[in-house]
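In the working numbering, the protein residues as written are 11 to 79.
Even for Gly, the Cβ is constructed at its ideal location relative to N, Cα and C.
Here you go:
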């Protein structure tokens with residue numbers, strides 16, 4: 011039992027499979043965040059919600075579990 015627990019624990023990790031890819035993604039995320047903040051004054055303060063989005067939020071919530079897709 012202990013060996014199974016050790017094997018399972020050894021396989022679990024939150025580390026990325028490729029650190030270089032994770033680093034590149036992190037840089038892109040930070041660049042996008044800085045660009046968003048830099049240009050925030052050029053965008054309107056309020057945008058009307060599109061009709062399809064508004065209708066989506068008017069639908070009743072599910073009462074039981076359902077698949078995501």
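### Contact under 8 Å by Cβ, residue 32 with residue 26
Closer than 8 Å, so yes.
### Alpha carbon of residue 70 to alpha carbon of residue 76, nearest angstrom
14 Å
### Query
Helix or strand or just coil, what does DSSP make of residue 45?
The three-state reading of DSSP puts residue 45 in helix, counting H, G and I together.
### Query
Taking 7 Å as the line, does the beta carbon of residue 61 fall inside it for any heavy atom of the ligand GDP?
By its list of ligands, the structure shown contains no ligand whatsoever, and the ligand GDP lies outside what it can speak to.
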